[in-house]
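Top line first, the protein sequences correspond to chains G and C. Residue numbers for the first sequence follow this note's numbering, so the first one is 576 and each next one is one higher. Residue numbers for the second sequence follow this note's numbering, so the first one is 576 and each next one is one higher. Ideal Cβ positions, reconstructed from N, Cα and C, are used throughout, including at glycine. Report on the structure given below.
Protein chains: 2
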Amino acid sequence: MAVYKTPLRDMRFVLDEVFKATEFWQSVPALNEVDRDTVDAILEESAKLNENVIFPLNRSGDEEGAQFNNGVVTTPAGFKEAFRQFGEGGWIGLGADPRWGGAGMPKTVTALTDEILFSANPSFALYPLLGIGAALSMSQHATDEINDLYLPKIYSGEWAGTMCLTEPHAGTDLGIIKTKAVPEADGSYSITGTKIFITGGEHDLAENIIHLVLAKLPDAPAGSKGISLFLVPKFHVKADGSLGERNQVGAGNIEHKMGIKASATCVMNFDGAKGYLIGRINEGLAAMFVMMNYERLSMGIQGLGASEVAYQSAAAYARDRLQGRSATGVKSPEKPADSLLVHPDIRRMLLKTRAHNEAARCFVMYTAKYLDLSKYAEGEVAAAAADRVALLTPVVKAFLSDKGFEGCVDAQQVFGGHGFIREWGMEQLVRDVRIAQIYEGANGIQANDLMGRKVVKNKAAFVKTYVAEMREAAARLNAPETARLKTGFVAAIDRLEALTQRVIELSASNGDEINAAAVDYLHVFGFTSYAYMWALMAEAAVGKKDDSFYADKLALADYFAVRVLPEMEGRARMVEAGATSLMSFSEAYF
Amino acid sequence: MAVYKTPLRDMRFVLDEVFKATEFWQSVPALNEVDRDTVDAILEESAKLNENVIFPLNRSGDEEGAQFNNGVVTTPAGFKEAFRQFGEGGWIGLGADPRWGGAGMPKTVTALTDEILFSANPSFALYPLLGIGAALSMSQHATDEINDLYLPKIYSGEWAGTMCLTEPHAGTDLGIIKTKAVPEADGSYSITGTKIFITGGEHDLAENIIHLVLAKLPDAPAGSKGISLFLVPKFHVKADGSLGERNQVGAGNIEHKMGIKASATCVMNFDGAKGYLIGRINEGLAAMFVMMNYERLSMGIQGLGASEVAYQSAAAYARDRLQGRSATGVKSPEKPADSLLVHPDIRRMLLKTRAHNEAARCFVMYTAKYLDLSKYAEGEVAAAAADRVALLTPVVKAFLSDKGFEGCVDAQQVFGGHGFIREWGMEQLVRDVRIAQIYEGANGIQANDLMGRKVVKNKAAFVKTYVAEMREAAARLNAPETARLKTGFVAAIDRLEALTQRVIELSASNGDEINAAAVDYLHVFGFTSYAYMWALMAEAAVGKKDDSFYADKLALADYFAVRVLPEMEGRARMVEAGATSLMSFSEAYF
């Protein structure tokens, strides 16, 4: 069975020793009431709830799945009670504005509780997360009247939320959606169309479900500039917040999927459903984008959360499982065989996953810090932070989910044949985490966003400040234990900088160069960022000798440098190869 | 839905133009009656049967799964009839000795029909393949009496076969198995013990199931030198071949797995079952090894077979799916969007998979040629061929299954959200092919076998002849179209040679260096071998201009060199990093 214990010490290390969270929060006026002791209590409570209530529902939820019957979706046993507890405990509103019942915690806190939640149960996690995303989008674009009516109910878990974008023929390319919104005399809109892949589109966890729906007005311009955003409640909401009649929206079916089976992925039919415009006409994509950026960070965290459970489970298995003997002499003569941990290749898989996970956690926290600055700081600081977030969000989403998948596959491999058997839970991790690479913008789309909009379009303006900051960090790495890390890190920065320049030059004469380089470039960017995170962690660990914790951190940083980071070189050479070799084949060839 | 059309032209290209099969068969006296026209008819019949009968059962077989009920295993609808057709068509005996009803076809033919079968339906494929493996082991180690009685029935599909190795506590490390074999007065043995992960241990496809079982005699030496091999039929077999009573062996359950759900993976209980010794006492592992080597090649072919379907399906989807516009200008102005094929990153995934697949097919055929020589040639030629087979078998098994998995994951990614939905069939490919990396010796074990027994132990004797041959092939690559391939190929050979030397040196003083290098070294070896195969294919294509087929081959060879092969460099650097960084952590750290 999969095992999970919240990595609280590693979380505190990142929070306090790497990012000096208390100082950070105190430096931002809007956050200076965030109290370190309260945060610690939050982390411990989150660990308790997730380990004891939500994690145990992960296996059974997979076996049982969400069930669809005549328009009604039933979640697996235990989900309803857990969702109630989750809402009542204030977890949905943890990062929300107190005016709507939220606890106002910054992303530098909620990113950690999100990780715990995704480790515990990714199917369950999606129900509250979609509501949080919808609420975030509403809070920035809906009227006060709507927000005051809806948001407290969403943050308490009484109501849930969704985002309805994809249609059967239109996923990545939302410009070609067909769902129509016709203005009604009362100022509302009549929404008609079919949406697919709607996470939590229908379920039994909440009294009401608030759908945010992209649709086109009859006279809307073609393409993505003609899309508006609408709020469509499952049940009409009266002015006092009580529920009225059922709206003309419902689930036509749920999808049968590879994983996250306890999460209901619905086909939603809108048959003249009453909807309310959110934000301005034809600016729906921008309004939805708030939510999508938020979700994208979460999908990276999903990769980390799964990979953390995968690591812990595989490490526990490797410790217990006796198989073969050490090549350097028997280690457990009293037993019929040594543990799997005597075999270097088992360690290779475990350490790679752990090195990825710890860098991922640090990278999420790093990005969260800039998210907090972009939201809570002011002026130039906030603007610069927003640029950094724009640059890093696609990397967090894609690189963490790619490496999270890899970690789950490697951990499954440690289990040998048992890894393929359902009851051990490892294959579920692989099936569940796979979606993180696909949804909320497939990883190829994230890479294209990075390479095109975030790098080439601004002529590497965002990259330059990031590179400059990394060079400073590398310059500070002067302990003998960090020598190999420094070498690898500096080489990575050099490589990233040169490749950035190269793609900008190539793409000036050939638009295809951006997408041809995108995924491999994103991986170069991701590896360089992980090296940066290991530099920050190593810096925080050097010279501390309380127990083996810090020495182990430095050893893993070194391991990352010599046995994980080198993968980057292949990706770099692929970027250098350019687009020509891809585009020379005719379409008929494929 | 997944689509599959047997790649007959590519198969013929490899057979005739790359390996000049007819000349090859004629050069070996025992094979000089193999007729090219007959082989072509075999390939076409295989394509027909697999595309029309066996492939259509793949999706339904996954949904239905093998069912266990009170000791009885039922296969999905259609399997029984298909298995009957498969047996009656002579496909089980295609490579078998004519004295037992086989068609005597060489591996250079059956490797291709195996690929077709694994593309069509990996769950189904395992039922005949296990029988073929068991029969092969028997044909070399059992008495004529037993073989004459059993083998014709296995090759006709009337009976099936299994290999029973793994026990709950012992998979990779068979030295610690507990199953007992007690000699009986009549010369037979009473077998008692529990075996797990037994593919086809029980099912409804055949009248009888012949189990080959590893067990220990009461006075057997400890470890792997005390293991003997026994034949245990499900039903006793009378001297005339008719069936007697049920033997004391049966399935206790079947496993619920990630994939290959239509293949019954059984827990087998032997309760004093009557068994017959195969080969000599305490030499069971060697007798079983024949079968395992055979299976290992098949598991590599399984990776290729899945990845071929994945490629074809994703290419078809990419052609049809309209999404976004080309970065170099609209390509289909009459449609609402261009096809996915205008996007370089989609091509990147498709071409990588295709470049892997074509190299894999060529590598399988290359290895099959040496398997044929080792079996059908004589003297030094046969001995040298056996060495080459020993060297390449772990690479074929592990590298092809690793790259096959990667190909399925990439193809799934091309489908976006639809790739995660069961009805599209892509997620099944991923779930099914995953097992090929795990069973028949997990890929880490294959790598250890390569690095230890096949490379270090003989001081690179096997590698040296292989490298010398590759250098000759590289020297022949002198067309301008192959310039980049030549550069990459030569660099890869240099790298492989240097790394081989380095691991031999390092491991002289530290036994852990072998396993620490193993997986990354196997990948370096695999990439270099694929570069070799692309060199052979390019050589066969240069100067031929009948249609775009040959120009496309050269373009894909070039693509492989500049955008696939560079991955090798990261692996090479990881090998260079050595074992120290892995072994410095205490067991408690994990």
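- The beta carbon of residue 1142 (chain G) falls within 9 Å of a beta carbon belonging to chain C, placing the residue at that interface.
- Annotation: the continuous alpha helix (DSSP H) that includes residue 1051 (chain G) extends over 1036-1051.
- Judged by beta-carbon spacing, residue 1117 (chain G) lies within the 9 Å limit of residue 1129 (chain G), meaning their Cβ atoms are closer than that value.
- For a cut-off of 8 Å, the C-beta gap from residue 655 (chain G) to residue 779 (chain G) is around 6 Å, short enough to register as a contact.
- Between residue 920 (chain C) and residue 847 (chain G), the alpha-carbon positions lie close to 39 Å from each other.
- In the DSSP secondary-structure assignment, residue 758 (chain C) is bridged to C:764.
- Classified as buried, residue 896 (chain G) has 16 or more neighbouring CB atoms from the shown chains inside 10 Å of its CB.
- Residues of chain G with a Cβ closer than 7 Å to the Cβ of residue 911 (chain C) are, in chain order, 751.
- Between the C-alpha atoms of residue 785 (chain C) and residue 1071 (chain G) there is a straight-line separation of about 59 Å.
- Excluding five sequence positions before and after residue 812 (chain C), the CB atoms of its chain that fall closer than 8 Å to its own CB belong to 724, 725, 783, 818 and 819, given in chain order.
- In this chain, residue 1143 (chain C) is not harboured by any beta strand (DSSP E); it is covered by the alpha helix (DSSP H) spanning 1142-1152.
- The residues 842 and 844, in chain order, have a CB closer than 6 Å to that of residue 827 (chain G) in the same chain once the five nearest residues on each side in sequence are set aside.
- Taking CB atoms only, residue 744 (chain G) has a neighbour in chain C less than 9 Å away.
- Comparing C-alpha distances from residue 1046 (chain C) to each of C:657, C:1059 and C:1064 shows the shortest one belongs to C:1064.
- At a C-beta separation below 8 Å, residue 772 (chain C) has these neighbours in chain G: 992.
- If you compare the alpha carbons of G:790, G:705 and G:796 with that of residue 776 (chain G), the shortest gap goes to G:705.
- In terms of Cα proximity to residue 809 (chain G), the closest of G:646, G:741 and G:1078 is G:646.
- Counting every other CB atom within 10 Å of its CB across the protein chains shown gives residue 1163 (chain C) a total below 16, marking it as exposed.
- The beta carbon of residue 939 (chain G) lies closer than 8 Å to those of 686, 690, 872, 875, 876, 879, 971 and 975 in the same chain, with the five residues before and after it left out.
- Around residue 919 (chain C), the beta-carbon contacts reaching into chain G at under 9 Å are 1087, 1088, 1089, 1090, 1091, 1092, 1093, 1154, 1157 and 1158.
- Within a 10 Å sphere around the beta-carbon of residue 832 (chain G) sit 16 or more other beta-carbons, which makes this residue buried.
- Bounds of any alpha helix (DSSP H) do not take in residue 820 (chain C); it lies within the beta strand (DSSP E) bounded by 818-821.
- The beta carbon of residue 733 (chain G) does not come within 9 Å of any beta carbon belonging to chain C, so the residue lies off that interface.
- Scanning chain C for C-beta atoms nearer than 7 Å to the C-beta of residue 1137 (chain G) yields 1152 and 1156, reported in chain order.
- Within the DSSP bridge table, the entry for residue 734 (chain G) names G:783 as partners.
- Comparing C-alpha distances from residue 985 (chain G) to each of G:942, G:1068 and G:884 shows the shortest one belongs to G:884.
- The Cβ of residue 901 (chain C) sits closer than 9 Å to at least one Cβ of chain G.
- The three-state secondary structure of residue 848 (chain C), taken from DSSP, is strand.
- By alpha-carbon distance to residue 633 (chain G), the top candidate from G:1067, G:1003 and G:1011 is G:1003.
- Inclusion of residue 670 (chain C) and residue 771 (chain G) in the CB contact set at 9 Å is not warranted, their separation being larger than that value.
- From the beta-carbon of residue 914 (chain G), the residues of chain C found nearer than 9 Å are 1162.
- Listed along the chain, the chain G residues whose CB falls inside 9 Å of the CB of residue 748 (chain C) are 897, 898, 899, 900, 911 and 912.
- Membership of residue 662 (chain C) in the alpha helix (DSSP H) is indicated by the continuous run 654-663.
- With a minimum length of 4 residues, the unbroken runs of alpha helix (DSSP H) contained wholly in the segment 606-634 of chain C fall at 611-624.
- Taking a beta-carbon distance threshold of 9 Å, residue 642 (chain C) does not count as an interface residue toward chain G.
- Counted as a single uninterrupted DSSP element, the stretch harbouring residue 827 (chain G) is not any alpha helix (DSSP H) but the beta strand (DSSP E) occupying residues 824-829.
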